[in-house]
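Right, one structure below, let's go through it.
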Amino acid sequence: MKTAYVFAADGSEEVETLAPVDFLRRAGVSVQLIGLKSKNVELSHGVRLICDKELSDVEGGELPDLVALPGGLKGASEFHSSKKLEDFIRRQMDSGKLVSAICASPAHVLSKWGITAGKKWTCYPGCESAGDKLSPGRVVVDGNLITARGPGVSLEFALALVEALCGSKAAKDLAAGTLTVVAG
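FYI, our numbering numbers position 140 of the sequence shown as 140, with every residue one higher than the one before it.
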């Protein structure tokens, strides 16, 4: 069975956190919500989550097939300030396993850690730094890196994660079954 970790921090964006969890689970992926500092997380608009584990529970263990970092500026800042998360994400990336991020996290986390160097990627408009070479795509896949623009793209992002782990047929079937329209 394929595995995924979706990280959450205080201030992470709700839909960007939960859409990947929902769609990956519907596709049969074993997904765990991982709290950055605690199992108890308050998302950007006050939704409270109880995560399955926290980063300290998984940081030295076996890597999942995919990790996802939701956006939300406060949550992305929390992610960026965590050396333990940076080490985990670097290990994930170096292993060739999938790393994904949406909204503020591609720019404020992955780019600042150098993870996006030499890759095509995207982020929420205005989060990029001077000199960043971004793709205008809503969801951008480059090798084992998957990035997306923002909350309104959360379902497309989640479908891209399903496709990367389970194949295009699984993603198409899930889109049809959930009546998800993908911008084309």
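By construction, the Cβ of each residue, glycine as well, lies at the ideal position given by its N, Cα and C atoms.
Burial check for serine 56: the Cβ neighbour count within 10 Å stays below 16, so the residue is exposed. Shortest Cα-Cα distance from alanine 8 to any of Ala27, Gly137, Leu98, Phe79 involves Phe79. Here cysteine 127 really is in contact with alanine 104; their C-beta atoms are around 5 Å apart, less than 8 Å. At a Cβ-Cβ threshold of 8 Å, threonine 3 and valine 29 count as neighbours.
Contact between isoleucine 34 and leucine 98 fails: their C-beta atoms lie close to 15 Å from each other, not under 8 Å. The beta carbons of alanine 148 and phenylalanine 157 sit closer together than 8 Å. Judged by DSSP in its simplified three-state form, glycine 150 adopts coil rather than helix or strand.
When Ile50, Ala68, Val58, Asp10 are compared, the shortest CA-CA separation from leucine 159 is found for Ala68.
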